[in-house]
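Protein chains in written order, with our numbering: chain A, 1 to 361; chain B, 1001 to 1139.
Don't be surprised by glycine CBs; every beta carbon is placed ideally from N, CA and C.
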Amino acid sequence: MAEKIKILYIDDEMDNLVGFKATLRLDYQVFTAVNIPGAMEHLEKHPDIRVIFCDQRMPLKTGVEFFEDIRSTHPLPMRILLTAYTDIDSVIDAINRGNIFRFVKKPWIEAELVSAIEEANKFYQANSMLSIKNDELQRAYSELDKFAYSVSHDIRGPLSGILGAINVARDMHDIAEMKEMLFLMEKSLKKLDTYILSMHDYYSLQRGELHIGEVDFKKMIDEFKDIYKVYANTANIGFKIDINQREPFRSDTVPLKLVLNNLLSNAFKYQNKNTDAKQVELNIEVHKGVATITVSDTGIGILGNHLGEIFNLFYRASSQEAGSGFGLYNVKSALLKLNGQIEVNSVLNKGTTFKVTIPTK
Amino acid sequence: MELSFIIIDDTELDHFIARKMITNANSAFKVKSFLDAQQALDYILANEIDASIKVILVFLDIYMPLMNGFEFIEEFEKFDPTVKDKYYIVALTSSIEASDVNRISSYEDVQEKITKPLMADDIRVLINRIAEKFNLKIT
């Protein structure tokens, strides 16, 4: 069962507090206070109090004045005024100054209290959900802005390149030159294609749900290692794989593969052209419910001052090879879904090592 | 030849196109290519310009990784006027973002801007205008 709803009741008459608590304590977690300092103490200690009842007629301060005071410091709890005496002016005051949710008349009837609490709780939940959704929306908006900017460059860039090439082709008569240009056009289109595929990854990571299943790393790597082996052979890069899994591991294979593919393709892509013994190493070790994956390369490395930014959306730390600025951002999003962590170590012109740890589900 | 060219762009295809269009306009034009803006800055600082060259036309892409076009201009602005005077910078951008276009136009050292795709006619018109403006002999 869910945790009991926390409510607070302030009244200067001890008898009322005792009666209130006796009536409601089975279904709710009830805090009581005979004065305002006592009430403030409860509010500081329990920021998750959802409903506050307050007596209107108290010495020093009225209930409305108290509610007016805490409106800005404790905006979340729903405020309910308990009062025996009501005239229209105090009702107006209570609503306008105290921003109260309900009145309950003294002496109270239990059913009225319960219904007030339940209604207030619904409001409270709707409000909290609204603020969570609001934060998500703000984040989505700011990513949308980045997207709009990126679309203007990363999609329009290759397209305008192709248009320019068609324009220049009109004055071109040499077949060899034409072929050279076609090769570059193909490269630009491939970059655009990668961009669109990564955008799709991005979207599924943001919206998709997790599908947890047994993961056999050996089997999983077998599925795609051949693609990298072919690439490794043609580019003359050594590819070493070491997998050590002697216990079951549960996770979602889709984001897991995305992480591996991004890290591996980066390791192959950003090789140092001046290094003779080019090498990419993949190590996977599953131990005590944690998978540790390391991907290291003998590549160009990443400058120290770029290291903090490589996981940002659309950040590119190299002009070698055409990156989309999506890859490591997607890796980070995938790991967030899997509760995983990533560390990076890099030495310029020597190589980079990414270390990923993911707990089993 | 009194006019020479530098292209700064991270896309090889764009280099190929610009170079082709320039040499189609006149096969005697010399073109220097940089995929990385920092290397272009280093080159400009380190190299003495041949006395026969009066103007170097720089095609500068804006959206590049590492050092972008804005950062290039901000570094270039710090150069000695005697160095800067010989360079005529044309910003080349695929951007349709108004903020980018306005920002690049706000730099004093950016003489013109052209929106990609680059067209052969744009280059011819540009070269003729610069030749006239600086009274260059193009042979």
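Spatial neighbours of Glu-281(A) in its chain, beta-carbon cut-off 6 Å, leaving aside the 5 residues before and after: Your numbering for residue 281(A) matches position 281 in the first sequence. So the qualifying residues of the chain are Lys-240 and Ser-296.
Any idea which residues DSSP pairs Val-286(A) with across the strands? Numbered from its first residue, the first sequence carries residue 286(A) at position 286. Gln-245(A) and Ala-291(A).
Contact belief for Leu-1003(B) with Leu-1057(B) at Cβ below 8 Å, rounded distance in angstroms: To locate residue 1003(B), count along the second sequence from 1; it is residue 3. To locate residue 1057(B), count along the second sequence from 1; it is residue 57. Right, the Cβ-Cβ distance comes to about 6 Å (below 8 Å), so this counts as a contact.
Going along chain B, which residues have a C-beta under 7 Å from Ser-160(A)? Position 160 of the first sequence, counted from the first residue, corresponds to residue 160(A). Correct list: Ser-1094, Lys-1116 and Pro-1117.
With DSSP collapsed to three states, give me the class of Thr-73(A). Along the first sequence, one-based indexing puts residue 73(A) at 73. Of the three classes helix, strand and coil, the one that applies to Thr-73(A) here is helix, per DSSP.
Looking at chain A, is there any beta carbon in it that lies within less than 8 Å of the beta carbon of Phe-1076(B)? Start at 1 with the first residue of the second sequence, and residue 1076(B) comes out as number 76. Closer than 8 Å: no.
Terminal residues of the continuous beta strand (DSSP E) containing Pro-255(A)? In the first sequence, residue 255(A) corresponds to position 255, counting from 1. That residue, Pro-255(A), is in no beta strand (DSSP E); its alpha helix (DSSP H) goes 253-269.
Among the candidates Lys-332(A), Lys-337(A) and Leu-82(A), whose CA atom is the shortest distance from the CA of Arg-57(A)? By 1-based counting over the first sequence, the position of residue 57(A) is 57. Nearest option by C-alpha distance: Leu-82(A).
Going along the chain, which unbroken runs of the beta strand (DSSP E) with 3 or more residues stay wholly within the segment 1023-1073 of chain B? 1031-1034 and 1055-1061
Lys-1078(B) lies in the beta strand (DSSP E); which residues open and close that run? The count along the second sequence starts at 1 and reaches residue 1078(B) at position 78. Run containing Lys-1078(B): none; DSSP gives neither H nor E here.
Determine the burial state of Asn-330(A): buried for a count of at least 16 other Cβ atoms within 10 Å of its Cβ, exposed for fewer. Walking along the first sequence from the start, residue 330(A) turns up at place 330. Asn-330(A) is buried by the Cβ-count criterion.
Among all the DSSP beta bridges, which residues are the ones paired with Ile-109(A)? Position 109 of the first sequence, counted from the first residue, corresponds to residue 109(A). Looking at the DSSP assignment, Ile-109(A) forms no beta bridge with any residue, so it has no partner.
Interface partners of Ser-318(A) on chain B, CB under 8 Å: The sequence position of residue 318(A) within the first sequence is 318, counting from 1. Result: Pro-1065 and Leu-1066.
Whose CA, out of Leu-60(A), Lys-105(A), Asp-154(A) and Ile-10(A), lies closest to the CA of Glu-41(A)? One-based indexing of the first sequence puts residue 41(A) at position 41. When each option's Cα is compared against that of Glu-41(A), the closest is Ile-10(A).
For the candidate residues Lys-1133(B), Ala-1046(B), Thr-1011(B) and Tyr-1063(B), whose alpha-carbon lies nearest to that of Phe-314(A)? Indexing the first sequence from 1 puts residue 314(A) at position 314. Of the listed residues, the one whose Cα sits closest to Phe-314(A) is Tyr-1063(B).
Rounded to whole angstroms, what is the Cα-Cα separation between Arg-102(A) and Ser-333(A)? Here residue 102(A) is taken as the residue at index 102 of the first sequence, counted from 1. Here residue 333(A) is taken as the residue at index 333 of the first sequence, counted from 1. When rounded, the distance between both Cα atoms is 44 Å.
By DSSP, does Ser-1094(B) sit in helix, in strand, or in coil? In the second sequence, residue 1094(B) corresponds to position 94, counting from 1. In this structure, Ser-1094(B) counts as coil in the three-state DSSP scheme.
Taking the alpha carbon of Ile-212(A) as the reference point, which residue from Gly-19(A), Pro-359(A) and Ile-117(A) has its own alpha carbon closest? Taking the first residue of the first sequence as 1, we reach residue 212(A) at position 212. Cα-wise, what sits closest to Ile-212(A) is Pro-359(A).
Runs of alpha helix (DSSP H) wholly within the segment 76-162 of chain A (minimum 4 residues, chain order): 88-96 and 110-150
Apply the 10 Å Cβ neighbour rule to Ala-1040(B) and answer buried if 16 or more other Cβ atoms are within range, or exposed otherwise. Sequence index remark: in the second sequence, residue 1040(B) carries index 40 (1-based). Answer is buried; the Cβ neighbour count reaches 16.
Below 8 Å, can you find three or more Cβ-Cβ pairs linking the segment 276-294 of chain A to the segment 256-264 of chain A? yes
Any idea which residues DSSP pairs Phe-53(A) with across the strands? Residue 53(A) sits at position 53 when you count from the first residue of the first sequence. Phe-53(A) is bridged to Tyr-9(A) and Ile-80(A).
Could you have a look at Ser-1105(B) and say whether DSSP puts it in helix, strand or coil? Looking up residue 1105(B) in the second sequence gives position 105. DSSP places Ser-1105(B) in helix when its eight states are reduced to three.
At a Cβ cut of 8 Å, what residues of the segment 19-51 of chain A count as close to chain B, listed as they run along the chain? none
Is there a Cβ of chain B sitting closer than 8 Å to that of Tyr-149(A), yes or no? As a position in the first sequence, residue 149(A) is number 149, starting the count at 1. Yes, its Cβ sits closer than 8 Å to a Cβ of chain B.
Is Gly-164(A) near Ile-1017(B), with beta carbons less than 8 Å apart? One-based indexing of the first sequence puts residue 164(A) at position 164. One-based indexing of the second sequence puts residue 1017(B) at position 17. In this structure, Ile-1017(B) lies closer than 8 Å to Gly-164(A) by Cβ.
Cutoff 8 Å; reference Met-366(A); Cβ partners in own chain excluding five residues on either side: For chain A, the structure presents residues 1 to 361; residue 366(A) sits outside this window and is missing.
Out of Asn-244(A), Lys-218(A) and Asp-252(A), which one is the CA nearest neighbour of Gly-208(A)? For this step, residue 208(A) is matched to residue 208 along the first sequence. The candidate whose alpha carbon is nearest that of Gly-208(A) is Asp-252(A).
Using a Cβ-Cβ cut-off of 8 Å, state whether Glu-1012(B) counts as contacting chain A. Within the second sequence, the letter at position 12 stands for residue 1012(B). Contacts with chain A at 8 Å (Cβ-Cβ) include Glu-1012(B).
Give the straight-line distance between the Cα atoms of Met-1001(B) and Ile-1138(B), rounded to the nearest whole angstrom. Mapped onto the second sequence, residue 1001(B) falls at position 1. Mapped onto the second sequence, residue 1138(B) falls at position 138. Using only the alpha carbons, I get a separation of about 6 Å.
From the beta carbon of Lys-187(A), is the nearest beta carbon of chain B less than 8 Å away? On the first sequence, position 187 is the one that residue 187(A) refers to. Interface residue, yes.
Touch test, the segment 1069-1076 of chain B against the segment 124-136 of chain A, Cβ-Cβ under 8 Å, three pairs minimum: No, they do not touch.
Contact with chain E by His-153(A), beta-carbon distance below 8 Å: You won't find chain E in this structure, because its protein chains are A and B.
How would you write the range of the alpha helix (DSSP H) that Val-18(A) sits in, first residue to last? As a first step, residue 18(A) is located in the first sequence; it is residue number 18 there, counting from the start. Residue range 14-24 is occupied by the alpha helix (DSSP H) that includes Val-18(A).
Using a beta-carbon distance below 8 Å, is Val-114(A) in contact with chain B? As a first step, residue 114(A) must be located in the first sequence, where it is residue number 114. Output row for Val-114(A): interface = no.
Whole-angstrom C-beta distance between Glu-247(A) and Glu-286(A), which should lie under 8 Å: For the purposes of this step, residue 286(A) is identified with residue 286 of the first sequence, where counting begins at 1. For the purposes of this step, residue 247(A) is identified with residue 247 of the first sequence, where counting begins at 1. Note that residue 286(A) is Val in the sequence shown, not Glu. Correct: roughly 6 Å between the Cβ atoms.
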